[in-house]
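Chemist: Numbered by our numbering, the letters in the sequence shown go through residues 957 to 1301 in order.
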Amino acid sequence: MGKLNAVLLIFTGGTISMAEDPATGALRPIDFQRLQEYMPEIRSTGVRVDCYPFDPFIDSSDVHPPFWCKLAQTIYDNYDNYDGFVVLHGTDTMSFSASALSFMLDNLSKPVIFTGSQLPVGMMRSDAKENLLTAIEIAAAEYNGKPRVPEVCVFFEDTLFRGNRTTKKNTEHFSAFASYNYPPLAKAGVHIKFFPSSIHYPEDDKPLKLHTMVDQNVAILKLFPGITEHTVNSILNIPNLRAVVLETFGSGNAPRRIWFYKALKSATERGIIIVNKTQCSSGAVEMGRYETSLNLLNAGVISGYDITTEAIVTKLMYLLGEYGDNVDKVKELLNTNICGEMTIE
Ligand code: ASP
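Take a look at the structure:
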């Protein structure tokens, strides 16, 4: 495996950059200087690693769309100077950020590898070093003079995932992420084994295009047996609401009650986009398979296929930001696999 020379390491925060506060015992961000002291190995990777610390470091629970814009802009501004990028990020919302960046960085042809850790960098058994050093190696890896993985990815424990397919699945295990509907892009053991048939390689050399228009007027409506008409209507009538992710049962099913159908129908007639996303971790929505999802079709609800909640929320924010009031265009792109985020068969 050949190595490219330059990787930009973007530190944004998360557990990987935290240490215990001696006074309270609570985890809080440390500064970049101390982080480097914990990880001197960065200098011996055989790759030129430059660091770009965000100021301040944040816990990823504080991530919001302006943070994604800043992150995407940082990659865009430094794109020509590096062969790959590693983003150190808290695990809690890493899948949202990786999904958002996959839409914001159009025509990406270099690796953007998100990683973090479950234990703070300063702790004895921390997973930080392995995650970070392998992420750097992957970001620098090339094959036939081209980047090995020109995608936005998440690397954690021993697996490289397509970022917009991931979900945080565990609060404690070192194997914290899963990609239920798409196979891994690589596995790290004694060697790093890449799986080229799962990796997307751009066909032509288009320049990177940055999209930073984001519309946050998106909501999630998760169904459960006993959900009331009042709850459903409250969500569908949020002022300025543009789109709703409807988290349904099984292969995309919902109650057949008439009030529910009417509430959805009236929302779609007001121009609100409703996407059907299954509550199951694996598998896809199949609209019309059961009578209970046929109603949704008739109410104007759109299939989310096998997309994750993280990917559909960020895809909606991106599409609504980018295409504004052109609801037909947004709907067309919701039925399009833009950057590997879903499978349409
Ligand atoms: N709360 C932390 C964060 O997401 C958790 C982590 O990094 O694992 O920033």
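From the three backbone atoms N, C-alpha and C, an ideal C-beta is built for every residue, glycine too.
Could you tell me the distance, in whole angstroms, from the CA atom of F1059 to the CA atom of L1250?
Modeler: 30 Å
Chemist: For T1264, which residues in the same chain have their Cβ closer than 6 Å to its Cβ, ignoring the five residues on either side in sequence?
Modeler: T1123
Chemist: At what residues does the alpha helix (DSSP H) containing T1270 begin and finish?
Modeler: T1265 to Y1279
Chemist: Going by CA-CA distance only, name the one from E1225, Y1099, L1275 and T1071 that's closest to L1117.
Modeler: Per the sequence shown, the amino acid found at residue 1117 is Phe instead of Leu. Ranking E1225, Y1099, L1275 and T1071 by Cα distance to F1117 puts T1071 first.
Chemist: Report yes if the C-beta of M995 is less than 8 Å from at least one heavy atom of the ligand ASP; otherwise report no.
Modeler: no
Chemist: Please determine whether the Cβ atom of M1050 lies at a distance below 8 Å from any heavy atom of the ligand ASP.
Modeler: yes
Chemist: Just to confirm before moving on: does the CB-CB distance between G1260 and Y1138 stay below 9 Å?
Modeler: It is not a contact, given that the beta carbons lie outside the stated cut-off.
Chemist: Given 8 Å as the limit, tell me if T1292 has its C-beta closer than that to any heavy atom belonging to the ligand ASP.
Modeler: no
Chemist: Are the segment 1001-1017 and the segment 968-983 in contact at 8 Å, needing three or more beta carbon pairs?
Modeler: yes
Chemist: Nearer than 8 Å: is that true of the beta carbon of I972 relative to any heavy atom of the ligand ASP?
Modeler: Between the ligand ASP and I972, a heavy atom-to-CB distance of less than 8 Å is present.
Chemist: Take G1206 and list the residues in its own chain whose beta-carbon comes closer than 7 Å to its own, dropping the five residues that flank it on each side.
Modeler: The answer, listed in chain order, is T1234 and C1236.
Chemist: Given a threshold of 16 other Cβ atoms within 10 Å of its Cβ, counted over all protein chains shown, does I1300 qualify as buried or as exposed?
Modeler: exposed
Chemist: Return the chain-ordered ranges of every beta strand (DSSP E) run that is complete within the segment 970-1056 and spans a minimum of 3 residues.
Modeler: Taking only runs of at least 3 residues, the beta strand (DSSP E) segments lying wholly in the segment 970-1056 are 974-976, 983-985, 1004-1014 and 1040-1044.
Chemist: Leaving out five residues before and five after N1173 in sequence, what residues of the same chain have Cβ atoms less than 6 Å from its Cβ?
Modeler: N1196, L1197 and R1198
Chemist: Is the segment 986-1000 in contact with the segment 1072-1091, if contact means three or more CB pairs nearer than 8 Å?
Modeler: yes
Chemist: Beta carbon of Q904: closer than 8 Å to some heavy atom of the ligand ASP?
Modeler: This structure gives no information on residue 904, because the portion of the chain shown stretches from 957 to 1301.
Chemist: Could you give the uninterrupted runs of the beta strand (DSSP E) lying entirely in the segment 1169-1247, keeping only those of 3 residues or more?
Modeler: 1174-1178, 1199-1204 and 1229-1234
Chemist: Within the same chain, show all residues whose beta-carbon is closer than 8 Å to that of K1085, passing over the 5 residues directly before and after it, in chain order.
Modeler: So the qualifying residues of the chain are M995, E997 and V1077.
Chemist: Alpha carbon to alpha carbon, what distance is there between P1152 and N1087?
Modeler: 21 Å
Chemist: Can you tell me the Cα-Cα spacing of M1243 and I1229, whole angstroms?
Modeler: 16 Å
Chemist: Just the C-alpha distance for D1171 and V1269, rounded to the nearest angstrom, thanks.
Modeler: 10 Å
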